Amino acid sequence: MYSSLAHRFTGVGLSVGEGLCPLVFRIDGGFLYVVGGQGVYAGAIGYLAAPLVGADLEAATIIDAVHAAPGWLKLTLKAPTRRRHIAAAVSYHTWNGVRHLAWDAGKFMTLKGSYGSGYAVLGATAVSTVALLAL
């Protein structure tokens, strides 16, 4: 009992799994889903609530609002770092979605298959992120 309590301070996230795949997937779950999800939900709620408050969300209005935004905000949104983060997130989630579809089809259900498909997702993410940034 005491030996199990002594090792609890590290938490489950640091003690389960070994290697790169579990680490990357835990970081992804903790960061991209929480931080990225907030932006998606805020944008969706704002888009749905706009007609209720009389806001106009036509393309011309959005373009005018971006054009009238201060320079520091435009620089923040267009920064190369932001572009890399978006390209990496889109690539990773696309390939991980393909991985989940393969799981739904009953493929890669063993531990070895899960790790192999995980490393394939990381490799495909790296290649497709570079390809997106080259556009």
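Remember, the numbering used here sits 1149 above the position in the sequence shown when you count from 1.
Virtual Cβ for every residue (Gly too), placed ideally from N, Cα, C.
Note that the structure is a prediction, hence the values are computed from the model and not measured.
Residue 1188 is classed as exposed because its beta carbon has fewer than 16 other beta carbons within 10 Å across all chains shown.
Contact annotation: the segment 1239-1248 does not touch the segment 1192-1205, with fewer than three C-beta pairs closer than 8 Å. Contact between residue 1236 and residue 1271 is ruled out by a C-beta separation of about 15 Å, above the 8 Å threshold. If you look at residue 1205, you'll find it isn't in any alpha helix (DSSP H); DSSP assigns it neither H nor E. Around the Cβ of residue 1210, a 10 Å sphere holds fewer than 16 other Cβ atoms; the residue is exposed. Counting along the chain, residue 1261 sits inside the alpha helix (DSSP H) bounded by residues 1260-1283. When rounded, the separation of the alpha-carbon atoms in residue 1277 and residue 1200 is 37 Å. Collapsing the DSSP output to three states places residue 1219 in coil. Rounded to whole angstroms, the Cβ separation of residue 1266 and residue 1251 is 7 Å, and the two are in contact under 8 Å.
Counting only the Cα atoms, residue 1202 lies some 20 Å from residue 1212. Around the Cβ of residue 1274, a 10 Å sphere holds 16 or more other Cβ atoms; the residue is buried. Put simply, the backbone Cα of residue 1279 is about 25 Å away from that of residue 1222.
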